[in-house]
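>
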Ligand SMILES: Nc1ncnc2c1ncn2[C@@H]1O[C@H](COP(=O)(O)OP(=O)(O)O)[C@@H](O)[C@H]1O
Ligand SMILES: [Mg+2]
């Protein structure tokens, strides 16, 4: 039996501000297996980012249990969490979060410094990662010399560089126009088809349709969780495979 990659049970997260307590997550249980592509949806304030922060080990729940890749992370110290995070999680944010003064190559190579690679290996690995997202000719550019879509590609390459167990993307297309959003979704589709697990927060139905499972939140609870019967593919390679009826869920 393969173990689920993510198993959270009765997770709660409350914020206490003065006399007020906000239950951002009331009770959330969720299991996500390796290789899934999940869209997390829900209105603003429903707890999506709070849940993503917990899944990404940026925050800990105030109650409940979180087992990530067989490790109980619910009660870890900040240092232990940082280590798990560096090893297991790749983040992609709406605002790209790149270092403005660093080149694409240096931005992508950054996580490898903490992993202890030599400068030469870091640069070789970052070069390959940038090539894999179609930016082999933009390695020496700084973020302000790149388009929004290219910046997000750099961020995706950085998220992948440590070969993480999960890619967490919180509104990755939120700052992009429609055409560029579609390109980024094609890239995420390709990454998923290579066996990566992706959890994507979006409030756009169109974007969620690229995922294979849809989880809907409301008021700190999961309201709905179902397989997406009508997956949309924009990557031409994957669309052609789907047309032929090839099951690439598990390749
Ligand atoms: N650091 C915080 N301190 C206090 N309240 C917070 C904090 N972060 C989020 N919240 C509250 O928790 C609820 C869920 O927020 P969030 O997870 O950001 O929702 P979403 O990402 O779905 O818009 C909201 O009511 C929000 O105001
Ligand atoms: Mg949010």
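In the UniProt record's numbering, the protein residues as written are 1 to 251.
Quick reminder that beta carbons are idealized off the backbone N, C-alpha and C, glycines included.
It should be emphasised that the depicted structure is a prediction, and the values quoted were computed from it without experimental measurement.
Report the option in 197, 3, 235, 53 whose CA atom is closest to the CA atom of residue 213.
Taking the first residue of the chain shown as position 1, residue 213 is located at position 213. The residue with the shortest Cα to Cα distance from residue 213 is 197.
> Let me make sure I understand the geometry here. Which of 105, 48, 159 has the alpha-carbon closest to that of residue 123?
Your numbering for residue 123 matches position 123 in the chain shown. The shortest C-alpha separation from residue 123 is found at 105.
> For a test of your reading of the model: does the CB of residue 49 fall under 6 Å from any non-hydrogen atom of ligand 2? Yes or no.
Your numbering for residue 49 matches position 49 in the chain shown. Residue 49 Cβ: within cutoff of ligand 2.
> Using a threshold of 6 Å, is the CB atom of residue 226 nearer than that to any non-hydrogen atom of ligand 4?
As for ligand 4, it is missing from this structure, which binds only ligand 1 and ligand 2.
> May I have a chain-ordered list of the beta strand (DSSP E) segments no shorter than 3 residues that lie completely inside the segment 35-100?
Segments of the beta strand (DSSP E) lying fully in the segment 35-100: 37-41, 63-68, 89-93.
> According to DSSP, what are the bridge partners of residue 169?
Residue numbering aside, residue 169 sits at position 169 when the chain shown is read from its first letter. Answer is 92, 200.
> Should residue 193 be listed as close to ligand 1, given that the test is whether its C-beta is under 6 Å from any heavy atom?
Here the question's residue 193 lines up with position 193 in the chain shown. Every heavy atom of ligand 1 is 6 Å or more from the Cβ of residue 193, so no.
> Please tell me whether residue 27 and residue 12 are closer than 7 Å, where the distance is taken between their beta carbons.
Walking along the chain shown from the start, residue 27 turns up at place 27. Walking along the chain shown from the start, residue 12 turns up at place 12. Yes; because the gap between Cβ atoms is below 7 Å, this pair is in contact.
> Figure out for me which residue from 108, 95, 224 has the closest Cα to the Cα of residue 173.
In the chain shown, the residue the question calls residue 173 occupies position 173. Answer by Cα proximity: 95.
> For residue 184, I'd like the list of residues in its chain whose CB is within less than 7 Å of its CB, leaving aside the five on either flank, ordered along the chain.
Here residue 184 is taken as the residue at index 184 of the chain shown, counted from 1. So the qualifying residues of the chain are 149, 152, 172, 173, 176.
> Ends of the alpha helix (DSSP H) at residue 240?
Along the chain shown, read from residue 1 onward, the residue named residue 240 stands at position 240. Segment 236-243, the alpha helix (DSSP H) holding residue 240.
> Could you check what DSSP says for residue 226 in three-state terms: helix, strand or coil?
For the purposes of this step, residue 226 is taken as the residue at position 226 of the chain shown. If DSSP states are grouped into helix, strand and coil, residue 226 belongs with the strands.
> How about residue 38 and residue 57: are their beta carbons less than 7 Å apart?
Translated into positions along the chain shown, residue 38 becomes position 38. Translated into positions along the chain shown, residue 57 becomes position 57. Contact: no.
> In chain order, what residues of the same chain have a beta carbon less than 8 Å from the beta carbon of residue 109, not counting five sequence neighbours either side?
By one-based count along the chain shown, residue 109 stands at place 109. Correct list, in chain order: 122, 123, 125, 126, 161.
> How far does the beta strand (DSSP E) with residue 103 in it extend, from its first residue to its last?
The residue labelled residue 103 in the question sits at position 103 within the chain shown. Looking at the DSSP string, residue 103 is not in any beta strand (DSSP E), and its letter there is neither H nor E.
> Count the other CB atoms within 10 Å of the CB of residue 179; is the residue buried (16 or more) or exposed (fewer)?
Taking the first residue of the chain shown as 1, we reach residue 179 at position 179. With fewer than 16 Cβ atoms within 10 Å of its Cβ, residue 179 is classed as exposed.
> For residue 14, which residues does DSSP report across the bridge?
In the chain shown, residue 14 corresponds to position 14, counting from 1. The partner list for residue 14 (beta bridge, DSSP) reads 23.
> Where does residue 121 sit, in a helix, a strand or coil, going by DSSP?
Reading the chain shown from its first residue, position 121 is the one you call residue 121. In this structure, residue 121 counts as helix in the three-state DSSP scheme.
> Give the secondary structure of residue 133 by DSSP, where H, G and I count as helix, E and B as strand, and everything else as coil.
In the chain shown, the residue the question calls residue 133 occupies position 133. Three-state result, residue 133: coil.
> Are there any heavy atoms of ligand 1 lying less than 6 Å away from the beta-carbon of residue 24, as far as the coordinates show?
In the chain shown, the residue the question calls residue 24 occupies position 24. True, at least one ligand heavy atom lies under 6 Å from that Cβ.
> Look at the alpha carbon of residue 156 and the alpha carbon of residue 92, and state the distance between them as a whole number of angstroms.
Taking the first residue of the chain shown as 1, we reach residue 156 at position 156. Taking the first residue of the chain shown as 1, we reach residue 92 at position 92. Computed Cα separation, rounded: 6 Å.
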